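Q: Chains as they are written, first to last, in the working numbering: chain A, 1 to 150; chain B, 1001 to 1150; chain C, 2001 to 2407; chain D, 3001 to 3407. Here a beta-carbon is modelled for each residue, glycine too, at the ideal position from N, C-alpha and C. Nothing here was measured: the structure is a model prediction, and the numbers come from that model. Quick one: this structure, given as structure tokens, is what I'll be asking you about.
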Amino acid sequence: MSTDDSLEALYRETILDHNRSPRNRGQLPDATATVGLLNPTCGDQIRLDVKVVDQRVVDIRFTGHGCAISMASASMMTEAVKGKTVEEALGLARDFKRFLTGERPQHDLGELEALSGVSRYPSRVKCATLAHNALEQALSGSPPNPAGDA
Amino acid sequence: MSTDDSLEALYRETILDHNRSPRNRGQLPDATATVGLLNPTCGDQIRLDVKVVDQRVVDIRFTGHGCAISMASASMMTEAVKGKTVEEALGLARDFKRFLTGERPQHDLGELEALSGVSRYPSRVKCATLAHNALEQALSGSPPNPAGDA
Amino acid sequence: MTATLASCKRDFPILGREVHGHPLVYLDSAATAQKPRAVLEAVRRYYEQSNANVHRSVHTLADEATALYEGARQKVAAFIGAERPEEVVFTRGTTEGLNFVARGWAARHLKPGDEVVTSPMEHHSNLIPWQQVCRQTGARLRFIELSPDGTIDLQSAARVIGPKTRLVALSALSNVLGTINPIAAIAEMAHAVGAVMVVDGAQSVPHQVTRVQELGADFLAFSGHKMCGPTGIGVLWGRMERLEEMDPILYGGEMIAYVSRDAATWAAVPAKFEGGTPNIAGAVGLGAAVDYLTAIGMEAIEAHDRRLGELAYRRLASVPGVTVYGPPAPRGGLVAFNLAGIHPHDVAQVFDAHGVAIRAGHHCCQPLMQWLDVGSTARASFYLYNDESDIDRLVEAVEATKRYFGQ
Amino acid sequence: MTATLASCKRDFPILGREVHGHPLVYLDSAATAQKPRAVLEAVRRYYEQSNANVHRSVHTLADEATALYEGARQKVAAFIGAERPEEVVFTRGTTEGLNFVARGWAARHLKPGDEVVTSPMEHHSNLIPWQQVCRQTGARLRFIELSPDGTIDLQSAARVIGPKTRLVALSALSNVLGTINPIAAIAEMAHAVGAVMVVDGAQSVPHQVTRVQELGADFLAFSGHKMCGPTGIGVLWGRMERLEEMDPILYGGEMIAYVSRDAATWAAVPAKFEGGTPNIAGAVGLGAAVDYLTAIGMEAIEAHDRRLGELAYRRLASVPGVTVYGPPAPRGGLVAFNLAGIHPHDVAQVFDAHGVAIRAGHHCCQPLMQWLDVGSTARASFYLYNDESDIDRLVEAVEATKRYFGQ
Ligand SMILES: Cc1ncc(COP(=O)(O)O)c(C=O)c1O
Ligand SMILES: Cc1ncc(COP(=O)(O)O)c(C=O)c1O
């Protein structure tokens, strides 16, 4: 792969855009769950605030710092799950993690599919899944399955 | 080196003879010093009884079990030092150990020179020096220099 | 790579060597095995194309090196039937693996009055770590006795393994007696009293089909260099629950989660046990060795090695003046023996002059030498690249040695 | 082998590689160095001609293997100016060496109230072992503070090192800041209060002339893989008196004198610390690496690496939006840096797309990241096979990355 191809495979325009202008950035004063996660390999941090009402994610915000992949992934994820039921949101997080190991997603992942290139960069999978792990933890109250963490 | 050359280099006829019929084998009831040594690498053992009168080795005996090299070396050593002064005997032991590392002996080593081939077999040097280490210990009352033990 | 047992010898460059004018007959594989070209090539390819530190960087070489290193872990896991690759911890060898269990698991779990059980046939690496951890914790070290033929006495095992037993450590195959130990039966006794079963697989994993689930072990340690892999790499396999309750041993890079000036938390298993830059090329080479052995077939190798061990035992036993040790059959592919009146070192030296490489000594089993009541023994050990003609050369060397020393 | 610095690049097969259509520029030698053909050949020759277990047998291959292994020890001893080869203990790497000192020396000598002194720039391998042994013994861990430019504050050192200090552990060259630490001065302070000086030489020994006598260290740990040697081999050097008062860590084969069922005594240094089959091929390869570096000349390599490090620092510092860390000069051959608004992982990824291999992360120095108040950094590191054109490529990659992320 040439320079451009290799970068384009990883950093789709959507990703650069979400990285430059993250959606749902901030905190929720009335969050029902807040989770902080750190990626020890690279020092990336995320804080995720979720507001769940009647088993539905009515609002979600994130703050933190990390690479373009992890920040764009967090931004896209918040957009994807806002308004979804807890069940649906958890399904999406798991589906996305499978997707990054090269499996076919069961549901439409929307913009998150722009992260497909990550599956070819094992060292970056952890970046892309950080926000999703935080989401799982916030919604299920338990740490996510470490296998999906690979 | 062919089979015969390689064996002849190590096991001179004198050595096989001393191995078959060791001289000064046994114990001394009136020993002035007795030393037992073990070679942990191969389990060889020697017990050396020395009788020193007026700074002279008037009698010496050994028992033990070990390979042909170690038993022949013990047998030859006892012959070489019997009747010598303590000084001379210690000098011989040290000279012999230098000899085995390929250096020239300062004194005539007599039959012990038949062990010259050992210097080409680093794994056997310990066998050939066991009795000499025991002698040094018996005559000086202190453990021998470990460097010579290599 | 030929991938059949019959013609595999040509895969091993060193076996084309001459020693003292004779084609080399290498009968010291229990000390260390020779390496097939496929392993040497895998190591060279790693260094010439992908060498980088693992897990640490995002560049192409580092990604490749990490994939090769973790790929080797997966290969080893499949080779021993582990449930998850994460249960495979890379070590320097059997010795380090057993010490890890002693320091990381036993030191944490043993209390005064507890008992650790082992046998008198163990290699020093599967004995001294237990002596030391017992001394440190106040636990007591007990021994299963051997039957006169050098097999484990199961009645003694049943007596010794009891409610105080916390850990049982046993080799699956003795490096001196050739005894194939009844690990599954002993593991059952251990588990019945709630003890942990530690298996020294240094001699078994290279020579026998290994399925950790059926073995019944909680921990299994083995060495790459004895199974056609490079030196400096080995494996500690453990059940995930046991590994999780084990302390790390080497503190440093890559085994941590978070570190402040005053404290640190650990990464998940297996990273927790792999502090510092690992032997990456060694792991890659071990992965290639596993591929090679698998292509030849471990069932075939197991049958072959046993056959050679049993044949050599019979043929040596029939030579006047030769004493052989351990059971006649079943046995692994090695035979310890002595020639009456000739010291094993002299035996090995005369063998070497005939191009036959064997080992002489206590084989790191001094308590077993005490049990056998010998200072040391000679030992011939076989592997996939040996055949019956090597046993002919072995027996000829015995005769030559007897003649030489006039016995 | 060319044996001159100017043309040595061609001795390294991997450096002929392309990455994403560009000739590879390898700037990650601080993580692990590339290997010259001479090292790979020495390893291959060992396996193809002399592979056998060391110290264990009397056959020809075993004699050759032992001579090669002990020969490597002598080469390493000469390379660092050790008084005796026996002071060189082979380990897996720096991490294992430092852990050995913590477990074998410090655990035995520290008492409650004693103090261990280190610095905030240490690699986790030179920090966590001391955290743990302090926790275990009741000793206290103290830190020499850094000056704002990332050098050791000698006044702080003079305050912190005092009558309670039993051990001072410091890296000779920081793997992030590039700082060359005043080991001799600190060692003098340590010795004045009767403390032992432990030096992490992971980054210094590959890049600087090392004379242990002048260094003033009591222990020095380093890794073969960072100095053109194989993975899985390293060295712990210690003064003989210190090594003799240190407990063994790995119990097993070859490190013993006598063993009974219940007790064991130890072999002499260094065998006492080399339990189990060592990484023989690794030691042989390290010996070849030492020969290679010596032929090129360590003085020349030291000057070359420093020049590249200082030049890269200046050139990066002059690019708008780039922050560089540590002192401008003197410095070792590495520079940690950040690009404003772009995460180091993304920097390294874009660099990789341009064929430039650097590392991004916390470099196993989380407390130093906390001190620098950054999450992570990018790092370019140089070795004998790099030259100024590689710095041009580095700076071009910085510009390309800024353009790519629109900064
Ligand atoms: C300063 C320093 N100390 C220690 C280490 C650890 O070395 P290794 O991983 O080879 O054990 C490194 C390298 O990663 C280092 O740079
Ligand atoms: C039964 C047994 N256990 C343990 C070991 C130690 O293995 P290593 O030296 O590779 O650590 C050996 C081999 O020497 C062995 O035969």
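Confirm, please, whether the CB-CB distance from C:Leu-2334 to C:Ala-2030 is below 8 Å.
A: Residue mapping note: residue 2030 of chain C aligns to position 30 of the third sequence, counting from 1. Residue mapping note: residue 2334 of chain C aligns to position 334 of the third sequence, counting from 1. Taking 8 Å as the Cβ cut-off, C:Ala-2030 and C:Leu-2334 qualify as a contacting pair.
Q: Can you give me, in chain order, the residues of the segment 1108-1136 of chain B that have a beta carbon less than 8 Å from any beta carbon in chain D?
A: Tyr-1121, Pro-1122, Ser-1123 and Arg-1124
Q: Could you say which of A:Arg-25, A:Arg-47 and A:Ala-9 lies nearest to A:Asn-133 if we only look at CA atoms?
A: As a working note, residue 133 of chain A is residue 133 in the first sequence. Of all alpha-carbon atoms in A:Arg-25, A:Arg-47 and A:Ala-9, the one lying nearest the alpha-carbon of A:Asn-133 is that of A:Arg-47.
Q: Please check if any C-beta of chain C sits within less than 8 Å of the C-beta of B:His-1065.
A: Walking along the second sequence from the start, residue 1065 of chain B turns up at place 65. Taking Cβ atoms only, chain C reaches closer than 8 Å to B:His-1065, which makes this a yes.
Q: So if I threshold CB-CB distances at 8 Å, which residues from the segment 1013-1041 of chain B count as touching chain D?
A: Leu-1038, Pro-1040 and Thr-1041
Q: Any contact of the segment 3250-3259 of chain D with the segment 2362-2378 of chain C, i.e. 3+ C-beta pairs under 8 Å?
A: yes
Q: Which runs of the alpha helix (DSSP H) fall wholly inside the segment 2290-2332 of chain C and span at least 4 residues, in chain order?
A: 2298-2317
Q: Hey, quick one: how far does the beta strand (DSSP E) through B:His-1132 stretch, first residue to last?
A: Position 132 of the second sequence holds residue 1132 of chain B. Secondary structure note for B:His-1132: it is in no beta strand (DSSP E), and the uninterrupted alpha helix (DSSP H) holding it is 1122-1140.
Q: Are the segment 3196-3207 of chain D and the segment 3078-3094 of chain D in contact at 8 Å, needing three or more beta carbon pairs?
A: yes
Q: Excluding five sequence neighbours on each side, which residues of the same chain lie with their C-beta closer than 6 Å to the C-beta of C:His-2345?
A: Counting from 1 along the third sequence, the entry for residue 2345 of chain C is found at position 345. If the five residues before and after C:His-2345 are omitted, its C-beta is found closer than 6 Å to the C-beta atoms of Ala-2360, all from its own chain and listed in chain order.
Q: According to DSSP, is C:Ser-2389 helix, strand or coil?
A: On the third sequence, position 389 is the one that residue 2389 of chain C refers to. Reduced to three states, the DSSP call for C:Ser-2389 is helix.
Q: If I follow the unbroken beta strand (DSSP E) through A:Ala-33, where does it start and stop?
A: Here residue 33 of chain A is taken as the residue at index 33 of the first sequence, counted from 1. That run of the beta strand (DSSP E) goes 33-39.
Q: Alpha carbon to alpha carbon, how far is A:Asp-4 from D:Phe-3405?
A: Within the first sequence, residue 4 of chain A is the residue found at index 4, counting from 1. Within the fourth sequence, residue 3405 of chain D is the residue found at index 405, counting from 1. The alpha-carbon atoms of A:Asp-4 and D:Phe-3405 are separated by roughly 13 Å.
Q: Give me the subset of the segment 2137-2148 of chain C whose CB atoms are less than 9 Å from a CB atom of chain D, sorted by chain position.
A: Leu-2141 and Phe-2143
Q: With DSSP collapsed to three states, give me the class of D:Gly-3097.
A: Taking the first residue of the fourth sequence as 1, we reach residue 3097 of chain D at position 97. Correct three-state label for D:Gly-3097: helix.
Q: Out of C:Glu-2241, C:Asp-2028 and C:Trp-2237, which one is the CA nearest neighbour of C:Ala-2082?
A: The residue given as residue 2082 of chain C occupies position 82 in the third sequence. Selected option, being the one with the closest Cα: C:Trp-2237.
Q: Start and end of the beta strand (DSSP E) containing B:Gly-1091?
A: Indexing the second sequence from 1 puts residue 1091 of chain B at position 91. Segment 1086-1100 is the alpha helix (DSSP H) holding B:Gly-1091; no beta strand (DSSP E) there.
Q: Within 8 Å (strictly less), CB to CB, does D:Val-3058 reach chain B?
A: The sequence position of residue 3058 of chain D within the fourth sequence is 58, counting from 1. Yes, because at least one Cβ of chain B sits closer than 8 Å to the Cβ of D:Val-3058.
Q: Please identify the residue among D:Ala-3288, D:Pro-3013 and D:Gly-3341 whose C-alpha is closest to the C-alpha of C:Tyr-2047.
A: Here residue 2047 of chain C corresponds to residue number 47 of the third sequence, with the count starting at 1. For C:Tyr-2047, the nearest C-alpha among the options comes from D:Pro-3013.
Q: Sorry if obvious, but does the Cβ on D:His-3123 come closer than 7 Å to a heavy atom of ligand 1?
A: Within the fourth sequence, residue 3123 of chain D is the residue found at index 123, counting from 1. For ligand 1, at least one heavy atom lies less than 7 Å from the Cβ of D:His-3123.
Q: Taking Cβ-Cβ distances below 8 Å as the criterion, which residues of the segment 2230-2260 of chain C are in contact with chain A?
A: Within the segment 2230-2260 of chain C, the qualifying residues are Ile-2256, Ala-2257 and Tyr-2258.
Q: Measuring alpha carbon to alpha carbon, tell me which residue in B:Glu-1013, B:Ala-1009, B:Arg-1098 and B:Gly-1043 is nearest C:Thr-2377.
A: The sequence position of residue 2377 of chain C within the third sequence is 377, counting from 1. Ranking B:Glu-1013, B:Ala-1009, B:Arg-1098 and B:Gly-1043 by Cα distance to C:Thr-2377 puts B:Gly-1043 first.
Q: For the pair the segment 3302-3313 of chain D and the segment 3274-3287 of chain D, tell me if three or more CB-CB distances fall below 8 Å.
A: no
Q: Using a Cβ-Cβ cut-off of 8 Å, state whether B:Ala-1080 counts as contacting chain C.
A: To locate residue 1080 of chain B, count along the second sequence from 1; it is residue 80. No, its Cβ sits nowhere closer than 8 Å to a Cβ of chain C.
Q: Does D:Glu-3302 pass the burial test, meaning 16 or more other C-beta atoms within 10 Å, or should it be called exposed?
A: Mapped onto the fourth sequence, residue 3302 of chain D falls at position 302. D:Glu-3302 should be labelled buried.
Q: Could you confirm whether any beta carbon from chain A is found closer than 8 Å to the beta carbon of C:Thr-2066?
A: In the third sequence, the residue the question calls residue 2066 of chain C occupies position 66. It does: the Cβ of C:Thr-2066 has a partner Cβ on chain A nearer than 8 Å.
Q: Name, in chain order, the residues that DSSP records as bridge partners for D:Ala-3378.
A: For the purposes of this step, residue 3378 of chain D is identified with residue 378 of the fourth sequence, where counting begins at 1. In the DSSP output, where bridge partners are listed per residue, D:Ala-3378 has D:Phe-3337 and D:Ala-3360.
Q: Compute the minimum distance between the beta carbon of C:Asp-2200 and the heavy atoms of ligand 2, and state whether it is under 7 Å.
A: On the third sequence, residue 2200 of chain C is found 200 positions in, with the first residue counted as 1. C:Asp-2200: yes, Cβ under 7 Å from ligand 2.
Q: So is D:Val-2952 in contact with chain A if we call contact Cβ pairs under 8 Å?
A: With chain D covering 3001 to 3407 only, the question about residue 2952 of chain D has no answer from this structure.
Q: Restricting to Cα atoms, I'd like to know which of B:Thr-1129, B:Ser-1116 and B:Gln-1137 is closest to B:Glu-1008.
A: As a working note, residue 1008 of chain B is residue 8 in the second sequence. Considering only alpha carbons, the answer is B:Ser-1116.
Q: Going by beta carbon distance, what residues of the same chain come within less than 8 Å of A:Ala-68, once the five residues before and after it are set aside?
A: To locate residue 68 of chain A, count along the first sequence from 1; it is residue 68. Answer for A:Ala-68: Tyr-11, Ile-15, Leu-16 and Asn-19, listed in chain order.
Q: Just the Cα atoms here: how many angstroms apart are A:Leu-38 and D:Ser-3389?
A: Reading the first sequence from its first residue, position 38 is the one you call residue 38 of chain A. Reading the fourth sequence from its first residue, position 389 is the one you call residue 3389 of chain D. Going from the Cα of A:Leu-38 to the Cα of D:Ser-3389 covers about 38 Å.
Q: Taking beta-carbon pairs under 8 Å, can you tell me which members of the segment 3081-3099 of chain D lie near chain C?
A: Only those residues of the segment 3081-3099 of chain D whose C-beta falls short of 8 Å from the nearest C-beta of chain C are listed: Arg-3092, Gly-3093, Thr-3094, Thr-3095, Glu-3096, Leu-3098 and Asn-3099.
Q: Identify, in the order they occur along the chain, each residue of the same chain with its Cβ nearer than 7 Å to the Cβ of A:Arg-120, setting aside the five sequence neighbours on each side.
A: By 1-based counting over the first sequence, the position of residue 120 of chain A is 120. Once the five neighbours on either side are set aside, the close Cβ partners of A:Arg-120 are Ala-9.
Q: List, in chain order, every chain A residue whose beta-carbon is nearer than 7 Å to that of D:Asp-3346.
A: Position 346 of the fourth sequence holds residue 3346 of chain D. Within chain A, the residues near D:Asp-3346 are Cys-67 and Ala-68.
Q: If contacts are defined as beta-carbon pairs under 8 Å, then D:Val-3160 and D:Ile-3144 qualify, I think. What distance do you get, rounded to the angstrom?
A: The residue labelled residue 3160 of chain D in the question sits at position 160 within the fourth sequence. The residue labelled residue 3144 of chain D in the question sits at position 144 within the fourth sequence. Between D:Ile-3144 and D:Val-3160 the Cβ distance is about 5 Å, and since that is below 8 Å, they are a contact.
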